[in-house]
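*Asks:* What follows is a single structure, and I will ask about it in a moment.
In the numbering used here, the protein residues as written are 9 to 195.
Next comes the structure, spelled out in structure tokens:
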């Protein structure tokens, strides 16, 4: 895909690994045939791995199947549809404290970058801003608070850590190619 979109849009994409099963021996982005330039456009990437030997995961999936089939749903589909439509009317702005918290976190993480590793990009800052707005929107609030920023930060950081399979933030490892450690091994 080689195009330029001049509008912000939401995309939910689901992809399977090349061989239909994830391999623990390979990086996630090497198993899903998506170009690095496109990987970097996703705000959040969450890998769902199916491990048939994990009894906790199997129980959670069984409970989910019960909820989807309608046997134990907390909210009706009609209620959720109306709630989401109503919540979309809100365009929350970050409070001054929330904006400062977001900027401070991003700046601190960004300063951990070095010549071999970029921890966070401007896209991550934008993504956290949008996630904080979404959090406030769910609360039907016109203001995104520090708690919304914390929630947004946790989502973005957790996503990066899940994809890179590391506690260190390394955007290159998530989206562009080999991370700092892999580049060191190659050299």
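All C-beta atoms, glycine included, are put in the ideal place defined by N, C-alpha and C.
With 16 as the cutoff for other CB atoms within 10 Å, does residue 128 come out buried or exposed?
*Replies:* By the 10 Å Cβ count, residue 128 comes out buried.
*Asks:* Under the three-state reduction of DSSP, which class applies to residue 156: helix, strand or coil?
*Replies:* In this structure, residue 156 counts as helix in the three-state DSSP scheme.
*Asks:* Name the DSSP bridge partner or partners of residue 101?
*Replies:* Looking at the DSSP assignment, residue 101 forms a beta bridge with 151.
*Asks:* Should residue 69 be labelled buried (16 or more other beta-carbon atoms within 10 Å of its own) or exposed?
*Replies:* Looking at its Cβ environment, which holds fewer than 16 other Cβ atoms inside 10 Å, residue 69 is exposed.
*Asks:* Are the Cβ atoms of residue 167 and residue 52 separated by less than 8 angstroms?
*Replies:* Contact flag set, yes.
*Asks:* My understanding is that residue 144 touches residue 152, with C-beta atoms under 8 angstroms, so please give their C-beta distance in whole angstroms.
*Replies:* The pair is a contact, with the Cβ atoms about 4 angstroms apart (cut-off 8 angstroms).
*Asks:* Does the beta-carbon distance from residue 142 to residue 110 come in below 8 angstroms?
*Replies:* Not closer than 8 angstroms, so no.
*Asks:* Could you give the residue range of the alpha helix (DSSP H) that holds residue 93?
*Replies:* Its alpha helix (DSSP H) spans residues 85-95.
*Asks:* Where do the ends of the alpha helix (DSSP H) carrying residue 143 lie?
*Replies:* 130-146 is the span of the alpha helix (DSSP H), which, as asked, contains residue 143.
*Asks:* Would you please state the rounded distance, in angstroms, between the beta carbons of residue 132 and residue 164? I believe it to be under 8 angstroms.
*Replies:* At roughly 6 angstroms, the Cβ-Cβ gap stays under 8 angstroms, so residue 132 and residue 164 are in contact.
*Asks:* Express the C-alpha separation of residue 43 and residue 82 in angstroms, rounding to a whole number.
*Replies:* If you take the alpha carbons of residue 82 and residue 43, they lie about 39 angstroms apart.
*Asks:* At which residues does the alpha helix (DSSP H) containing residue 39 begin and terminate?
*Replies:* It spans 36-39 - the alpha helix (DSSP H) in which residue 39 sits, taken as one unbroken run.
*Asks:* For the candidate residues 120, 91, 108, whose alpha-carbon lies nearest to that of residue 155?
*Replies:* If we check each option's Cα against that of residue 155, 108 comes out closest.
*Asks:* How is residue 62 classed by DSSP in three states: helix, strand or coil?
*Replies:* Coil, per DSSP.
*Asks:* Can you tell me whether residue 60 is buried or exposed? The criterion is at least 16 other CB atoms within 10 Å of its CB, across all chains shown.
*Replies:* That one is exposed.
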